[in-house]
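Everything below concerns the one structure shown next.
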Amino acid sequence: MRTQLSSAASGIFFRGGFDMPERNTPQKTLESWKQIAAYLDRSERTVRRWEASEGLPVHRREHEKQDTVFAYRHELEAWSRLRTKCPLDASPDESEILPPTEAAANAYLIEHDAITRTMHRYIAGARAGDGDLMRPAFHPSATISGYCQGAEYSGSVEHVFQWISGNGPAPNISPRFARIEIIESIAVVHLEVQHWSGKLAGANARASDVFTLLKCDGEWKITHKLFHWHDH
Amino acid sequence: MTKSEYLTEYDGIVKTIQLYIDGSKQGKSELMRPAFHPDASFFGYAGDKLATGIPFLFDWIDKNGPAPKIEPRVVSVDILESIAVVRLEVAGWSGNLAGSGVRMCDLFTLLKTPGGWKIIQKAFHWHG
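Line by line, the protein sequences are chains A and B. Everything in the first sequence is counted per my numbering, starting at 1 for the first residue and increasing by one. Everything in the second sequence is counted per my numbering, starting at 1001 for the first residue and increasing by one.
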């Protein structure tokens, strides 16, 4: 069985029926980089790059020596559909240098990279204009606060997802990590995002975001997003 | 932001953080309550247990009681117009729940409101 999910623009195919215990995994998980790569019909190198820079939703189980990865098929499919809708084309060069996920024997780099992966899920959702795509980056009880057009706002992160989906694609956003500070189980990330666009953002807007993250069960999750929209 | 505006904002932020420090030192949550935004959140691990929610924090402060020897240090204050981040290191925590000589690191995010700078989130790491 081979199903093409969406237009040829993405060229991503899903394959079923390869060697994995899918019959007895009700959630349909893929249990390794190899399986994820096979499912997306790409090399392991490419899917690792997608995770690092484009928010491909891959989860981790923390072990003493080495983490293992897994992915949910439905999440990969959702990611792929959105990627097709809003192609990123951040140089699909296969020879690009790998993110240092595996090479990183350094404990700091492992945490740093895990945090930027979480942030890239947020960025990928913002760019595609789909709240569900960024949802895995957040803790379920995350909150947001800040000022938008002079009015103070605070509330559940669900409002971010709604706003992002209502805003639609913002293909030109250029995010920059202004600061990443890690203190064992907590972290703060200051993200500067320029060239926001969309139905709600308007054109060429700039936002400063400060995210607080918590390492929960081996995965970094955003617990709070504090934002400031800059006046034009 | 001009230099004097910066200092005004900086001092306003530190004043808010001082309320937290005063409440921690005396073990009285009522002293720190005005520092927090009504929608503030609280997150962190105390050992293996995830502690969340501002009511948990206030309850903990009251039950912990006085911690007269805490040594708080402001490590960083970053101001981005209407929002700010403060990193606070507190050494020498003691009390009924804290034990003795424990160090805690706090990341406070703050929002500028008409009533002054308010803590909108406290995330902590407990160096147990």
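Backbone N, C-alpha and C fix where the C-beta goes; we use that ideal spot for every residue, glycine too.
Using a cut-off of 8 Å between C-beta atoms, extract the partners of residue i located in chain A.
i	result
residue 1128 (chain B)	Within chain A, no residue comes near residue 1128 (chain B); the closest Cβ sits about 10 Å away, beyond 8 Å.
residue 1081 (chain B)	208, 228, 230
residue 1017 (chain B)	By Cβ distance, chain A contributes nothing, its closest Cβ being about 15 Å from residue 1017 (chain B), past 8 Å.
Nearest by alpha-carbon distance to residue i: which of the options is it?
i	options	result
residue 152 (chain A)	A:133, A:161, A:228, A:116	A:228
residue 1085 (chain B)	A:210, A:34, A:231	A:210
residue 1114 (chain B)	A:121, A:43, A:150	A:150
residue 70 (chain A)	A:77, A:81, A:35, A:46	A:35
residue 160 (chain A)	A:201, A:33, A:195	A:201
residue 114 (chain A)	A:132, A:147, A:204, A:187	A:187
residue 203 (chain A)	A:133, A:50, A:168, A:182	A:168
residue 163 (chain A)	A:134, A:183, A:172	A:134
residue 208 (chain A)	A:195, A:31, A:50, A:54	A:195
residue 1006 (chain B)	B:1063, B:1092, B:1083, B:1079	B:1079
residue 1033 (chain B)	B:1018, B:1093, B:1045	B:1018
residue 154 (chain A)	B:1008, B:1023, B:1037	B:1037
residue 1058 (chain B)	B:1027, B:1010, B:1039, B:1050	B:1027
residue 222 (chain A)	A:119, A:31, A:182	A:119
Name the chain D residues that come within less than 9 Å of residue i, Cβ to Cβ?
i	result
residue 147 (chain A)	The question asks about chain D, but that chain is absent: this structure's protein chains are A and B.
Answer with buried or exposed for residue i, where buried requires no fewer than 16 other C-beta atoms within 10 angstroms of its C-beta.
i	result
residue 1109 (chain B)	buried
residue 137 (chain A)	buried
residue 1048 (chain B)	exposed
residue 139 (chain A)	buried
residue 177 (chain A)	exposed
residue 193 (chain A)	buried
residue 1112 (chain B)	buried
residue 174 (chain A)	exposed
residue 1127 (chain B)	exposed
residue 61 (chain A)	exposed
residue 1122 (chain B)	buried
residue 218 (chain A)	exposed
residue 1053 (chain B)	exposed
Which bits of chain B does residue i rub up against, with CB to CB less than 8 Å?
i	result
residue 200 (chain A)	Those do not exist, as residue 200 (chain A) stays about 19 Å from chain B at its closest Cβ, beyond 8 Å.
residue 183 (chain A)	1087, 1105, 1107, 1125
residue 152 (chain A)	1111, 1113
residue 224 (chain A)	1041, 1043, 1109, 1120, 1121, 1123
Look at residue i and residue j and say whether their C-beta atoms are less than 8 Å apart.
i	j	result
residue 145 (chain A)	residue 226 (chain A)	yes
residue 1117 (chain B)	residue 1016 (chain B)	yes
residue 1035 (chain B)	residue 1119 (chain B)	yes
residue 214 (chain A)	residue 1043 (chain B)	yes
residue 1041 (chain B)	residue 224 (chain A)	yes
residue 1072 (chain B)	residue 1088 (chain B)	yes
residue 1107 (chain B)	residue 143 (chain A)	no
residue 198 (chain A)	residue 170 (chain A)	yes
residue 262 (chain A)	residue 180 (chain A)	Outside the shown range of chain A (1 to 232) lies residue 262 (chain A), about which nothing can therefore be said.
residue 52 (chain A)	residue 43 (chain A)	no
residue 40 (chain A)	residue 57 (chain A)	no
residue 1125 (chain B)	residue 185 (chain A)	yes
residue 33 (chain A)	residue 49 (chain A)	no
residue 1064 (chain B)	residue 1095 (chain B)	yes
From residue i to residue j, what distance separates their C-alpha atoms?
i	j	result
residue 29 (chain A)	residue 1102 (chain B)	42 Å
residue 123 (chain A)	residue 59 (chain A)	17 Å
residue 129 (chain A)	residue 1012 (chain B)	37 Å
residue 1069 (chain B)	residue 1061 (chain B)	15 Å
residue 230 (chain A)	residue 1055 (chain B)	33 Å
residue 107 (chain A)	residue 117 (chain A)	16 Å
residue 166 (chain A)	residue 1021 (chain B)	41 Å
residue 1097 (chain B)	residue 110 (chain A)	33 Å
residue 1025 (chain B)	residue 1031 (chain B)	10 Å
residue 1100 (chain B)	residue 189 (chain A)	31 Å
residue 1029 (chain B)	residue 1105 (chain B)	19 Å
residue 206 (chain A)	residue 148 (chain A)	12 Å
residue 79 (chain A)	residue 121 (chain A)	10 Å
residue 1090 (chain B)	residue 1075 (chain B)	10 Å
residue 127 (chain A)	residue 172 (chain A)	7 Å
residue 46 (chain A)	residue 158 (chain A)	31 Å
residue 54 (chain A)	residue 1023 (chain B)	44 Å
residue 1046 (chain B)	residue 216 (chain A)	12 Å
residue 1014 (chain B)	residue 131 (chain A)	35 Å
residue 68 (chain A)	residue 1083 (chain B)	37 Å
residue 1050 (chain B)	residue 1009 (chain B)	33 Å
residue 31 (chain A)	residue 182 (chain A)	29 Å
residue 220 (chain A)	residue 72 (chain A)	18 Å
Mind listing the chain A neighbours of residue i? Cutoff is C-beta to C-beta under 7 Å, in chain order.
i	result
residue 1052 (chain B)	141
Residues of chain B with CB closer than 7 Å to the CB of residue i, please, in chain order.
i	result
residue 188 (chain A)	1085, 1107
Taking C-beta pairs closer than 9 Å, name the residues in chain B that residue i reaches, listed in chain order.
i	result
residue 174 (chain A)	Within chain B, no residue comes near residue 174 (chain A); the closest Cβ sits about 18 Å away, beyond 9 Å.
residue 214 (chain A)	1043, 1044, 1045, 1050, 1123
Taking C-beta pairs closer than 9 Å, name the residues in chain A that residue i reaches, listed in chain order.
i	result
residue 1039 (chain B)	143, 145, 154, 155
Should residue i be counted as a contact of the ligand ATP given a C-beta to heavy atom distance under 7 Å?
i	result
residue 135 (chain A)	In terms of ligand content, the structure shown is empty, and the ligand ATP therefore cannot be addressed.
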